[in-house]
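Trainee:
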Amino acid sequence: MLRHLAIRHFAIVSEVEIDIDPGFTAITGETGAGKSILVDALGLLLGDRAEAGLIAEGHEQAELEAVFSLEKSEPARQWLVDQALEEGDELILRRVLTSPSGSRAWINGRSATVGQLAELGGLLVEIHGQHEHQQLEKPAVQRRLLDRQVSGKTLDAVAAAHERWRDARAALDQLESEVGDADQLELLRFQARELSDLALIEGEFESLEQEQERLARSDDIRLAMASAGNALDSDNGPGARSLLHQAIQALDPVREIEPELDETARMLEEARINVDEAMANLERLGSEDEGDPERLAAVNRRLEKSLDLARKHRVQPAELPALTEKLGARLEALENQDERRAELARSLDIAAQRWREAAEELSRAREAAAKKLSGLVTGRLADLGMDTAELAFQVDPDQAAEPSPHGMDRVRIGFNANPGQALQPLSKVASGGELSRVALALMIAADGGEGPRTRIFDEVDAGVGGETAHAVGRFLREAAGAGQAMCVTHLAQVAARADHQLRVSKKKGRKATALSVETLDGGAREREIARMLGSADSERSLAHAREMLEGNE
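Under the UniProt record's numbering, the first residue of the sequence shown is numbered 1, with each subsequent residue one higher.
#1: Using a threshold of 8 angstroms, state whether the C-beta atoms of Leu195 and Asp292 are closer than that.
#2: The alpha helix (DSSP H) that contains Gly375, what's its start and end?
#3: Looking at the unbroken beta strand (DSSP E) that takes in Gln394, where does it start and where does it end?
#4: Considering only residues of the same chain and omitting the five flanking positions on each side of Glu126, which have a CB-CB separation below 8 angstroms?
#5: Grouping DSSP H, G and I as helix and E and B as strand, with all else coil, what is Pro317?
#6: Alpha carbon to alpha carbon, how far is Gln210 from Arg189?
#7: In terms of residues, what are the limits of the beta strand (DSSP E) holding Asn416?
#8: Mind checking which residues open and close the alpha helix (DSSP H) that includes Glu528?
#9: Within 10 angstroms of its Cβ, does Gly109 collect 16 or more other Cβ (buried), or is it exposed?
#10: Give the DSSP-derived three-state secondary structure of Met486 in the structure shown.
#11: So Ala310 and Leu320 are supposed to be a Cβ contact under 8 angstroms. How far apart are they, rounded?
#12: Provide the residue span of the beta strand (DSSP E) that contains Thr454, from first to last.
#13: Take Gly420 as the anchor and find which of Val411, Arg94 and Glu390 has the nearest alpha-carbon.
#14: Out of Gly29, Val13 and Leu243, state which residue places its alpha-carbon closest to the alpha-carbon of Leu502.
#15: Quick check: what's the CA-CA separation for Asn281 versus Leu331?
#16: Does DSSP classify Gln424 as helix, strand or coil?
#17: Quick one: is Ile350 buried, meaning 16 or more other Cβ sit within 10 Å of its Cβ, or exposed?
#18: Work out the CA separation of Glu176 and Ser347 for me, nearest whole Å.
#19: Taking the beta carbon of His59 as the centre, do at least 16 other beta carbons fall within 10 Å, making it buried, or is it exposed?
#20: Which same chain residues end up closer than 8 angstroms to Met548 when comparing Cβ atoms and leaving out the 5 residues on each side of it in sequence?
#21: If you check the beta carbons only, do Arg255 and Asp262 fall under 8 angstroms apart?
#22: When you compare the CB positions of Arg94 and Glu74, do they come within less than 8 angstroms of one another, or not?
#23: For Ala514, which beta-bridge partners are listed by DSSP?
#24: Identify every residue that forms a DSSP beta bridge with Gln135.
#25: With distance defined between alpha-carbon atoms, name the residue in Leu97, Ala50, Ser99 and Glu119 nearest to Asp82.
#26: Span of the alpha helix (DSSP H) holding Thr468?
#27: Looking at the strands, I want to know which residues DSSP matches up with Arg95.
#28: Exposed or buried, Thr513, counting other C-beta atoms within 10 Å across all chains shown (16 or more means buried)?
#29: Output the distance between the C-alpha atoms of Ala392 and Arg477, rounded to the nearest integer angstrom.
#30: Is Glu402 helix, strand or coil by DSSP?
#31: From this set, Leu42, Asp21 and Thr25, which residue's C-alpha is nearest Ile7's C-alpha?
#32: From the DSSP secondary-structure annotation, give me the bridge partner or partners of Asp19.
#33: Would you mind sorting Lys371 into buried or exposed? The rule is 16 or more other CB atoms within 10 Å of its CB.
#34: Nearest by alpha-carbon distance to Pro405: which of Ala278, Asn300, Arg144 and Phe10 is it?
#35: Does the beta-carbon of Glu434 have 16 or more other beta-carbons within 10 angstroms, so that it is buried, or is it exposed?
#36: Just to check my reading of the structure: Met532 and His490 have Cβ atoms closer than 8 angstroms, yes? What is that Cβ distance to the nearest angstrom?
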């Protein structure tokens with residue numbers, strides 16, 4: 001639940017800090033006092049997009065902070081655990097607006113993206129705006145309201161079946177597009193044949209490059225080996241081998257007398273052995289490496305062919321073996337197109353049938369949920385003063401529908417305000433005030449006790465009054481449940497139903513206008529309710545306000 005909200009240098013707010021308790025809190029104040037600024041600030045903390053003009057004049061940044069308490073079973077807490085952002089039972093969200101469209105965000109002191117705020121915010125708070133009832137006219141919104149009453153497994157099964165159908169359809173479409181071009185197929189055959197004729201194997205190109213360098217520099221290699229051999233053992237003077245032999249002979253008479261000289265003599269003997277082995281290697285390599293112009297020419301031709309094909313296919317020469325395999329497999333698949341097409345068509349038919357089975361199961365679940373929810377909403381409408389109104393969710397399956405992630409049904413809300421009339425689309429027969437009450441009834445009836453524990457209602461009671469306003473107040477108090485609900489309202493009947501009340505006011509100074517928020521209780525709350533009834537100074541209004549508040553206890 002939301003426990004604390006701090007706002008600094010935001011819009012007309014210089015600095016405001018509010019402690020928020022569980023239960024139903026009414027936010028009241030004069031028209032234009034800035035009540036919705038609190039909702040806007042909270043929305044930004046929950047991932048809303050920042051717009052220009054939100055930073056208070058004369059300041060470079062606005063700072064927003066919200067503190068939530070979390071229970072162990074809350075989805076938001078599990079989200080924090082998954083993101084390695086959990087810090088016990090408390091959650092702190094912070095956002096700093098630094099420019100008309102720039103901002104920084106933190107979750108429990110760690111840097112976060114606005115996307116993360118939005119994802120987490122959807123688990124923490126549910127915000128209902130004053131124009132939300134207008135969304136009810138959209139078929140997708142009506143479908144989502146009904147689907148809140150349907151098992152998530154049933155909905156997921158349809159979405160998963162649609163994804164499999166979509167993949168099968170894409171595979172078949174891809175095959176059709178590839179085999180549809182005869183010239184492209186002939187080109188593929190030519191390319192595959194060229195690569196197959198070359199038959200370059202893995203690692204061969206690198207080996208060819210090394211062999212080319214060795215063959216091209218065979219004269220240099222022979223000269224270097226001859227020079228090294230002469231240095232080791234030469235007819236023109238003492239070489240390393242004979243010099244080592246002389247050194248060993250010089251130490252032989254005294255090596256038994258001086259232990260360290262014996263070790264030195266052993267080292268010289270090992271060096272002579274190594275020199276003998278090196279001379280043997282030089283003699284062997286000299287006899288083998290006589291130069292091979294024909295082999296060099298063959299290596300050069302193979303390298304040139306490899307480089308030419310690599311440039312043609314825009315790959316590195318070392319990648320040609322993998323490309324050969326890839327084009328060969330692709331050609332084989334295309335040349336077996338009839339068999340492959342039949343296989344993919346069968347897969348598509350199976351996927352479509354699986355989707356249809358899942359969609360039919362969803363249709364049955366929706367029809368059952370529609371019957372139950374329609375009765376609940378109609379009952380709630382009666383509580384809101386619409387005794388003769390009837391609302392029904394209508395589910396019309398379309399057996400010929402192409403697979404979609406939402407099933408085969410057209411879901412719509414039928415409504416009539418007067419008895420004896422046929423149900424008509426909600427958008428055609430409901431007035432603005434009726435739509436507001438339908439939206440409120442749906443909020444409660446379609447909730448099922450699920451969703452975030454904190455709910456914000458921004459003037460959702462627009463267009464109602466009298467006894468209906470009392471019913472709206474009861475509804476909003478019920479919406480708080482074991483959590484909390486906050487409502488920006490102009491109705492005294494709604495405010496009187498609240499467990500707590502905050503008054504927002506604007507104070508105009510010489511250079512700026514500032515917003516303040518005050519927690520009301522006792523006489524201050526009575527005077528605010530009286531003001532909302534028409535006169536804060538009237539004894540009659542004060543008495544009526546007192547009576548309304550006492551009736552709420």
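Glycine is no exception: its CB is placed at the ideal position from the N, C-alpha and C atoms. Since this is a predicted model, take the numbers as computed values, not measurements.
Mentor: Walking through what the data contain:
#1: no
#2: Gln337 to Asp383
#3: Glu390 to Pro397
#4: Within the same chain, Glu126 has close Cβ partners Gly451, Pro452, Thr454, Arg455 and Ile456.
#5: Collapsing the DSSP output to three states places Pro317 in a helix.
#6: 32 angstroms
#7: Asp409 to Asn416
#8: Gly522 to Leu533
#9: exposed
#10: strand
#11: 6 angstroms
#12: Thr454 to Asp458
#13: Glu390
#14: Gly29
#15: 50 angstroms
#16: strand
#17: Under this definition Ile350 is an exposed residue.
#18: Their backbone Cα atoms lie some 15 angstroms apart in a straight line.
#19: exposed
#20: These residues qualify, in order along the chain: Ala492, Gln493, Ala496 and Ile529.
#21: Pairing Arg255 with Asp262 gives a Cβ-Cβ distance under 8 angstroms.
#22: no
#23: Lys507
#24: Answer is none; Gln135 lacks a bridge partner.
#25: Glu119
#26: Counting along the chain, the alpha helix (DSSP H) containing Thr468 begins and ends at Gly466 to Ala480.
#27: Leu64 and Ala105
#28: exposed
#29: 25 angstroms
#30: coil
#31: Leu42
#32: His4
#33: exposed
#34: Arg144
#35: buried
#36: That pair is a contact at about 7 angstroms.
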